[in-house]
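Start counting the sequence shown at 1; every next residue gets the next number (full-length UniProt numbering). Quick notes on the structure that follows.
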Amino acid sequence: MHQLTLAEIARGLADKKFSSEELTKVLLARIAQLDPQLNSFISLTEDLALTQAKAADARRANGESGALLGAPIAHKDLFCTQGIRTSCGSKMLDNFKAPYDATVVAKLAAAGAVTLGKTNMDEFAMGSANESSYYGAVKNPWNLEHVPGGSSGGSAAAVAARLLPAATGTDTGGSIRQPAALTNLTGLKPTYGRVSRWGMIAYASSLDQGGPMARTAEDCAILLQGMAGFDPNDSTSIDEPVPDYSASLNGSLQGLRIGVPKEYFSAGLDPRIAELIHNSIKELEKLGAVIKEISLSNMQHAIPAYYVIAPAEASSNLSRFDGVRFGYRCEDPKNLEDLYKRSRGEGFGAEVQRRIMVGAYALSAGYYDAYYLKAQKIRRLIKNDFMAAFNEVDIILGPTTPNPAWKLGAKNSDPVAAYLEDVYTITANLAGLPGLSMPAGFVDGLPVGVQLLAPYFQEGRLLNVAHQYQLNTDWHTRTPTGF
Numbered sequence: 001m002h003q004l005t006l007a008e009i010a011r012g013l014a015d016k017k018f019s020s021e022e023l024t025k026v027l028l029a030r031i032a033q034l035d036p037q038l039n040s041f042i043s044l045t046e047d048l049a050l051t052q053a054k055a056a057d058a059r060r061a062n063g064e065s066g067a068l069l070g071a072p073i074a075h076k077d078l079f080c081t082q083g084i085r086t087s088c089g090s091k092m093l094d095n096f097k098a099p100y101d102a103t104v105v106a107k108l109a110a111a112g113a114v115t116l117g118k119t120n121m122d123e124f125a126m127g128s129a130n131e132s133s134y135y136g137a138v139k140n141p142w143n144l145e146h147v148p149g150g151s152s153g154g155s156a157a158a159v160a161a162r163l164l165p166a167a168t169g170t171d172t173g174g175s176i177r178q179p180a181a182l183t184n185l186t187g188l189k190p191t192y193g194r195v196s197r198w199g200m201i202a203y204a205s206s207l208d209q210g211g212p213m214a215r216t217a218e219d220c221a222i223l224l225q226g227m228a229g230f231d232p233n234d235s236t237s238i239d240e241p242v243p244d245y246s247a248s249l250n251g252s253l254q255g256l257r258i259g260v261p262k263e264y265f266s267a268g269l270d271p272r273i274a275e276l277i278h279n280s281i282k283e284l285e286k287l288g289a290v291i292k293e294i295s296l297s298n299m300q301h302a303i304p305a306y307y308v309i310a311p312a313e314a315s316s317n318l319s320r321f322d323g324v325r326f327g328y329r330c331e332d333p334k335n336l337e338d339l340y341k342r343s344r345g346e347g348f349g350a351e352v353q354r355r356i357m358v359g360a361y362a363l364s365a366g367y368y369d370a371y372y373l374k375a376q377k378i379r380r381l382i383k384n385d386f387m388a389a390f391n392e393v394d395i396i397l398g399p400t401t402p403n404p405a406w407k408l409g410a411k412n413s414d415p416v417a418a419y420l421e422d423v424y425t426i427t428a429n430l431a432g433l434p435g436l437s438m439p440a441g442f443v444d445g446l447p448v449g450v451q452l453l454a455p456y457f458q459e460g461r462l463l464n465v466a467h468q469y470q471l472n473t474d475w476h477t478r479t480p481t482g483f
C-alpha cells in the first residue's frame, strides 16, 4: 500500500479495496520502522490520524466521495495544528501547542485528509539543506550521507521514502521546489496569495507560500485543490476562482511555447544537470512544444536582493519571539532586558540569528536606502523581466538546482555556498510567480529536477506540462533503495 499515489489511494478507497483506517495503520507502522534512519518527522499524531481515518471511512460509507477523503498526508511543522506541537523546527517553539488550525490544515481536514504527523524542517524555514533544525538534520533517502534540501526537507524525505503519499511544504526562496528536486519529487509553489498563509508561521511575509509535495503532478493537483482558495483571515490572500486542476492535466502540449533563459546555463551549473535539462526539453518537443531562447537579464542580482529582503522581513517577523508571551524563556532572568536577550540568544540557532542580524542591519536608519530600498527596486526589475518573457512564451523551463544533493555538513562552514543553491528558484518568489519542479533524471545516483515557471495563477498549466511529461518518462516512478 505504501507505493500507492494519492490518485491510486482515492480509487482504492472508492472501490473499497482497503479502508482509510487500514492504510493509516500500515503507514504509521512504516514510519515507526523507517523514519529513525531519516529523521523526517518531528511529531507523529497517531491518535488524531486514526480518529480522522475512521471518520473518513464513515463519511464514505454514507455516500460521500472526494480525492482527499481518507488520504494520509503530513504537514510541515510550521502550519499551526490545534493542540499539537508546532515547533517550526526550533528550540524557541519546542513547547508551543497551537491554539487553532492554520487555514491549510483546516481545509485539508474538512476535505477528509488524515494527518499522520508534522515533518522536520530548517529552523523557522531558514535553510537549503534541512541541517539547521533543532531536532537534527534530515537525511536524503537516496543517499543517507546527503542532504534532502530545505527548508521542507522533512516533507520531501518522507514522501520520497514512501512513508506517505504527499505532504505540505512552504516555499520562500525555493523551499518546496529545491528539496523536491533533490529527492525525486514533484513540488509546486503556487502564485503568491493563492494559498492562505493564515496560521503558517512567517519567515518572510511577502515571499512565503504554502504548496503541495508529492511524487506526481497528478497528486500535486489533488492536494493543491484542497489547499487553494481565498481566505478573509489572510490580508495577502487573493480572491480568485480556483479551477479544477485535475481537469486540465490531459490537455495537449501542441504549440506550447517554452522559453529557456540563456542565463540559466552559466558556469555555475553542473554540466551533467545541463545535459538532463536538455533531454527534458527534447522530450517536451516530441510532445509538440516549441522551444525559444529568452533572456532574464536581471537574474544575476536575484540572490543579493533576496538575501536583503528575506532577512529584513524575518527580523521583523521574529521580533515577537521574546520570551514573554509564548515559546522558550530563559532561566532566572535578572530583568526584562536580560529576559529578552537570553531568551532570544538561547532560543534561536546560528542561522536564524545570522539572518535576523542581517535583516536588522539592512533596515537600520543609515542603511535602509542603500540596501533594502535598492533590493526592492531590483525585485521590480526581475518581475518586469518575467512579464516581458511571458509576452513571448507560455512557460519558462530550466534547472531547479545547480548541483545534486551535497553531503551532510559540506556547506556548513560557508553559508553563501548554500545560498547559491537557490539561484534558480528565488526569482519566482521575488516576482510572486508559480513554479514547479519535476524529476528529470539522476547524477551519481542522486535525483535532478527540472523547473517550470508560469504567469500568475497558471498552476494548471504547470501541472498539465508536468503530467504530460510524466506520462512519457519514468523518472518519477523510481524508488530509493531500501525504501
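The beta-carbon is built from N, C-alpha and C at its ideal position, and this holds for glycine as well.
Outcome for residue i when other beta-carbon atoms lying within 10 angstroms are tallied against a minimum of 16
i, result
"Ala49", "buried"
"Asn130", "buried"
"Glu218", "buried"
"Tyr135", "buried"
"Asp47", "exposed"
"Pro148", "buried"
"Asp332", "exposed"
"Pro447", "buried"
"Ser315", "buried"
"Asp385", "buried"
"Tyr100", "exposed"
"His467", "buried"
"Pro271", "exposed"
"Met438", "buried"
"Thr216", "buried"
From the options, residue whose alpha carbon lies closest to that of residue i
i, options, result
"Leu224", "Leu108, Ala157 and Gln3", "Leu108"
"Asp322", "Tyr340, Asp122 and Ala158", "Tyr340"
"Pro415", "Ser128, Tyr371 and Val138", "Ser128"
"Glu346", "Lys91, Thr236 and Lys383", "Lys91"
"Pro434", "Leu256, Arg342, Ala98 and Leu207", "Leu207"
"Val195", "Thr170, Ala181 and Gln178", "Thr170"
"Ile42", "Leu253, Ala74 and Arg11", "Ala74"
Delimiting residues of the beta strand (DSSP E) encompassing residue i
i, result
"Thr119", "Val114 to Thr119"
"Arg257", "Arg257 to Pro261"
"Ser437", "Gly435 to Val443"
Continuous alpha helix (DSSP H) stretch holding residue i: start and end
i, result
"Lys54", "Glu46 to Ala61"
"His278", "Pro271 to Lys286"
"Ala176", "The sequence shown places Ile at residue 176, rather than the Ala named in the question. Run containing Ile176: none; DSSP gives neither H nor E here."
"Arg355", "Ala350 to Leu363"
"Gly465", "Just to set this straight, residue 465 is Val in the shown sequence, not Gly. Where Val465 is concerned, the enclosing alpha helix (DSSP H) stretches over Glu459 to Leu471."
Inter-residue Cα distance where the pair is residue i and residue j
i, j, result
"Leu23", "Tyr368", "54 Å"
"Thr400", "Ser266", "14 Å"
"Lys16", "Ser65", "12 Å"
"Lys377", "Leu430", "11 Å"
"Ala362", "Pro304", "12 Å"
"Asp57", "Cys88", "31 Å"
"Phe124", "Phe230", "25 Å"
"Leu13", "Arg461", "28 Å"
"Gln470", "Leu185", "11 Å"
"Leu408", "His146", "5 Å"
"Met213", "Tyr372", "32 Å"
"Glu21", "Ala53", "5 Å"
Per DSSP, cross-strand counterpart(s) of residue i
i, result
"Ile291", "Ile258"
"Asn143", "Asn140"
"Gln451", "Gly398 and Ser437"
"Arg85", "Lys97"
"Gly187", "Met213 and Ser437"
"Ile73", "Thr115 and Ala166"
"Ala228", "Val195"
"Phe79", "Met200"
Within-7 Å CB hit, residue i to chain B
i, result
"Lys139", "Checking the listed chains, one finds no chain B in this structure; it contains a single protein chain."
Residue i: CB within 6 Å of a non-hydrogen atom of the ligand GTP
i, result
"Ala417", "This structure does not include the ligand GTP; it has no bound ligands of any sort."
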